[in-house]
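Mind the numbering: the sequence shown is residues 7 to 347 in this note's numbering, read in order.
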Amino acid sequence: MTTNIAINGMGRIGRMVLRIALNNKDLNVVAINASYPPETIAHLINYDTTHGAFDLKVEPTEAGIKVNDHVIQLVSDRNPENLPWEALDVDIAIEATGKFNHGDKAIAHIHAGAKKVLLTGPSKGGDVQMIVKGVNNDQLDIEQYDIFSNASCTTNCIGPVAKVLNEEFGIQNGLMTTVHAITNDQNNIDNPHKDLRRARSCNESIIPTSTGAAKALKEVLPELEGKLHGMALRVPTKNVSLVDLVVDLDTDVTVEQVNQAFKDNDLEGVISTEDAPLVSMDFNTNPHSAIIDTQSTMVMGDNKVKVIAWYDNEWGYSNRVVDVAVQIGQLLKSDVAAVTY
């Protein structure tokens with residue numbers, strides 16, 4: 007049984023999620039909510055400066071867009087409560103606008119008839135369960151929660167990495183820096199922004215700023231609460247980021263032992279390792295949450311470890327959104343099947 011999904015928002019993540027979902031046999035995209043016409047949506051899905059041409063042909067129609075013989079309805083309403091999710095039998099509304107990431111706002115999708123909501127960003131509050139695949143997705147609870155958060159791209163990178171290090175060697179404490187590609191909440195030219203550093207042109211500077219990724223870990227790895235802190239450096243590249251994680255471990259280790267721990271991990275599809283001397287764009291459109299750069303692993307004083315993990319902050323993250331949506335859908339269908347039986 008496929009899961010019916012609707013996507014609210016056709017920005018960078020919304021379009022990447024749509025591309026991936028259209029190639030996933032477990033999901034059926036029934037609708038998208040966006041404020042621009044079908045011709046524009048179809049064009050931006052078909053052609054992407056960062057990720058290239060789409061492998062399926064998307065065409066505009068009067069009612070929305072068509073992919074092969076599959077028609078996806080386009081609606082345009084800025085109030086989620088007005089969306090036709092009940093009429094379309096939407097199982098999961100994927101909230102990709104970034105404007106409804108508080109549980110009290112995202113609940114509007116439930117009021118509109120969706121069975122569950124998945125946020126494509128960290129929750130800003132409310133009754134929301136944060137899920138990071140490979141870390142706590144085994145605890146996904148559709149009985150207690152209606153709204154789920156896929157956390158951030160950086161949390162999806164650092165979470166599995168920290169989990170492996172903590173389970174294998176024990177983490178005493180650590181600091182992380184994400185070297186992050188530009189995003190659309192920055193300014194192309196100097197303009198006002200609540201973060202004065204982000205007010206500056208993203209194309210001309212390395213911009214120090216905050217990240218909530220380390221703090222968010224306590225929601226998915228409570229055993230690390232208070233042990234990790236960090237910051238971000240926004241750099242003028244269009245895509246692909248990395249986490250530079252430095253931790254003190256409980257156990258003395260070697261570089262080889264650290265790298266082997268990541269190679270032996272059971273988080274298939276979430277963590278991978280790379281032995282070649284690659285650069286950021288080599289990881290463009292990589293679906294993993296974290297790719298360990300084994301040549302960059304360092305050990306100082308036996309138990310202080312530096313790990314570099316690459317991640318495609320658009321494509322890798324969007325793959326995790328789809329993975330979590332599939333899992334929610336499977337739980338919904340199994341729950342219905344159990345009740346029916």
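Virtual Cβ for every residue (Gly too), placed ideally from N, Cα, C. Note that the structure is predicted; figures quoted are calculated from it, not measured.
Contact between the stretch 205 to 223 and the stretch 270 to 286 is not established, with fewer than three Cβ pairs separated by less than 8 Å. Boundaries of the alpha helix (DSSP H) around LYS221: 219 to 226. Exclusion of the five residues before and after LEU227 leaves VAL141, ASN142, GLY165, ALA168, LYS169 and ASN172 as the residues of its chain whose Cβ lies within less than 8 Å of its Cβ. Taking the Cα of ALA37 as reference, the smallest distance to any Cα among MET16, GLY104 and ASN179 is reached at MET16.
A Cβ-Cβ distance of about 10 Å is found for the pair ASN290 and ASN319, leaving them out of contact under the 8 Å criterion. ALA93 counts as exposed, since fewer than 16 other beta carbons sit within 10 angstroms of its beta carbon.
Its chain contains ILE13, ASN14, GLY15, GLY17, ILE19, GLY20, VAL23 and THR126 as the residues whose beta carbon lies nearer than 7 Å to that of ALA102, once the 5 sequence neighbours on both sides are disregarded; these appear in chain order. In this structure ASP97 is buried. Its beta-carbon is surrounded by 16 or more other beta-carbon atoms within 10 angstroms. Using a Cβ distance threshold of 9 Å, TRP321 and PRO293 count as a contacting pair. A straight-line Cα-Cα distance of about 12 Å links VAL123 and SER129.
Assignment of beta-bridge partners to MET7 by DSSP yields no partner.
When the five nearest sequence neighbours on each side are left out, the beta carbons in the same chain lying within less than 6 Å of the beta carbon of GLY132 are those of HIS108, GLY109 and ASP110, in order along the chain. Our two residues, ASN265 and ILE297, have alpha carbons roughly 11 Å apart in a direct line. DSSP places ALA114 inside the alpha helix (DSSP H), whose first and last residues are 109 to 117. Counting of Cβ neighbours within 10 angstroms places SER82 among the exposed residues, the total staying below 16. In the DSSP annotation of this structure, the continuous segment of the beta strand (DSSP E) that includes GLN79 starts and ends at 76 to 81. Counting only residues of its own chain and dropping the five nearest sequence neighbours on each side, GLY104 has a CB closer than 8 Å to the CB of GLY15, GLY17, THR126 and GLY127.
Non-local C-beta neighbours of SER302 in its own chain, meaning closer than 6 Å and more than five positions away in sequence, comprise ILE314, ordered along the chain. Residues ASN14, PHE106, ALA114, HIS115 and ALA118 of the same chain have their beta carbon placed closer than 7 Å to that of PRO86, with the five preceding and five following residues left out of the count. Scanning the stretch 193 to 259 for uninterrupted alpha helix (DSSP H) segments of 4 residues or longer gives 219 to 226, listed from N- to C-terminal end.
Here DSSP, grouped into helix, strand and coil, assigns ILE177 to strand.
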